[in-house]
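Throughout, our numbering is defined as the position within the sequence shown, counted from one, plus 2.
Don't be surprised by glycine CBs; every beta carbon is placed ideally from N, CA and C.
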Amino acid sequence: MVLADDVHATCAEITRVSGAELKRVKEGERGIQGFHRWGSVILEVVERRLVQPRDATSDVAPSSPSDATYWGLVLIVDDIEAACAHLGPDVIGAPKPAVQPGRFIATVRSGAGLGVPLALMSR
């Protein structure tokens with residue numbers, strides 16, 4: 003996952019540099035998400051305010067693809083329920099519906115000490 007202040011500009015830059023077209027954009031009341039795909043790898047670009055809202059009094063103008071930052075990693079698992087049961091509720095949250103229809107996602111808790119946000123997603 004990549005966090006960006008301007009999802010459209012960041013996705014355009016990803017396409018320009020890599021040739022990977024933007025496959026899908028999800029716009030909702032809370033923000034925008036864009037998805038690029040390279041074979042089995044999916045790069046999700048998430049509007050920063052969905053995850054790290056800016057201070058309303060900030061005079062920093064969000065705006066360029068260079069403002070994008072790596073945020074976390076999502077691994078695909080065959081059986082998300084079994085994976086979550088194996089790790090336990092102290093390590094990972096319960097699976098919940100993902101953005102992708104029919105899929106579920108569970109986030110590893112920051113207290114697990116991995117150093118980078120990690121989530122598991124069903125196939």
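Are the C-beta of residue i and some C-beta of chain C separated by less than 9 Å?
i	result
D7	The structure shown contains no chain C; it holds only a single protein chain.
Drop a sphere of 10 angstroms on the beta-carbon of residue i, count the other beta-carbons inside from all chains shown, and report buried for 16 or more, exposed for fewer.
i	result
I78	exposed
T71	exposed
A6	buried
A58	Note that A58 has pLDDT 49, beneath the 50 cutoff, so the model's placement of it is unreliable and the number below is only indicative. By the 10 Å Cβ count, A58 comes out exposed.
P97	buried
E83	exposed
A114	exposed
V27	exposed
Does residue i come out as helix, strand or coil in the three-state DSSP assignment?
i	result
Q124	One detail in the question is off: residue 124 reads as Ser in this sequence, not Gln. Correct three-state label for S124: strand.
L89	helix
V110	strand
A22	coil
V101	coil
V9	helix
R39	strand
E49	strand
E29	strand
Alpha carbon to alpha carbon, how far is residue i from residue j?
i	j	result
G36	D69	16 Å
V118	I94	14 Å
T23	V76	At residue 23 the sequence reads Glu, which differs from the Thr that was named. One C-alpha to the other measures close to 20 Å.
A87	V9	35 Å
W73	E31	21 Å
Whose C-beta lies closer than 8 Å to the C-beta of residue i among residues of the same chain, with five residues either side of it excluded?
i	result
L116	V110
Cutting at 6 Å between CB atoms, please list the residues of its own chain near residue i, excluding the five before and the five after it.
i	result
R51	G33
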